[in-house]
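I have placed the structure first, in the form of structure tokens, so that the comments after it can refer back to it.
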Amino acid sequence: MSQASARHLLVDTEEQCLTLKAQIEDGADFAVVAQEHSNCPSKMQGGDLGSFGRGQMVPEFDEVVFTADLNTVQGPVKTQFGYHLLEVTARS
Numbered sequence: 001m002s003q004a005s006a007r008h009l010l011v012d013t014e015e016q017c018l019t020l021k022a023q024i025e026d027g028a029d030f031a032v033v034a035q036e037h038s039n040c041p042s043k044m045q046g047g048d049l050g051s052f053g054r055g056q057m058v059p060e061f062d063e064v065v066f067t068a069d070l071n072t073v074q075g076p077v078k079t080q081f082g083y084h085l086l087e088v089t090a091r092s
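Residue numbering for the sequence shown follows the UniProt record's numbering, starting at 1 and increasing by one per position.
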């Protein structure tokens, strides 16, 4: 079974998501941005979701996690929860 490790942040609007993505791409630390802005409880770990298998996350999230390049910020990804930025840190 495919496994991935990723971190993410979750916000309410696409605009906020794009603003945060620009900050990260300009050198802001993903974990710090997640801690300060994410609506997900994972923000306490800098957005780290740990390791999970295909099908354990919502489909839109899963698709990105199992196809995106490693260590690059992806998003905004819209799900039923809001808008995500994702960074896949490992995949096997």
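For each residue, glycine too, the CB sits at the ideal point set by N, CA and C.
- According to the DSSP assignment, Q35 belongs to the alpha helix (DSSP H) that extends over F30 to H37.
- Nearest neighbour of Q74 by Cα position, chosen from G27, P59, F81 and V65, turns out to be V65.
- The beta carbon of S38 is closer than 8 Å to those of H8, L9, L10, V11 and G47 in its chain, skipping five residues each way along the sequence.
- Here the alpha carbon of G50 sits roughly 5 Å from the alpha carbon of S5.
- Beta-carbon to beta-carbon, L20 and V33 are separated by about 6 Å, close enough to satisfy the 8 Å threshold.
- Short of 8 Å from the beta carbon of Q80, and not among the five residues preceding or following it, lie these beta carbons of its own chain, in chain order: V58.
- By the criterion of a C-beta distance shorter than 6 Å, A68 is surrounded in its chain by Q74 and V88, once the five residues flanking it on both sides are discounted.
- With fewer than 16 other CB atoms across the displayed protein chains lying within 10 angstroms of its CB, G53 is exposed.
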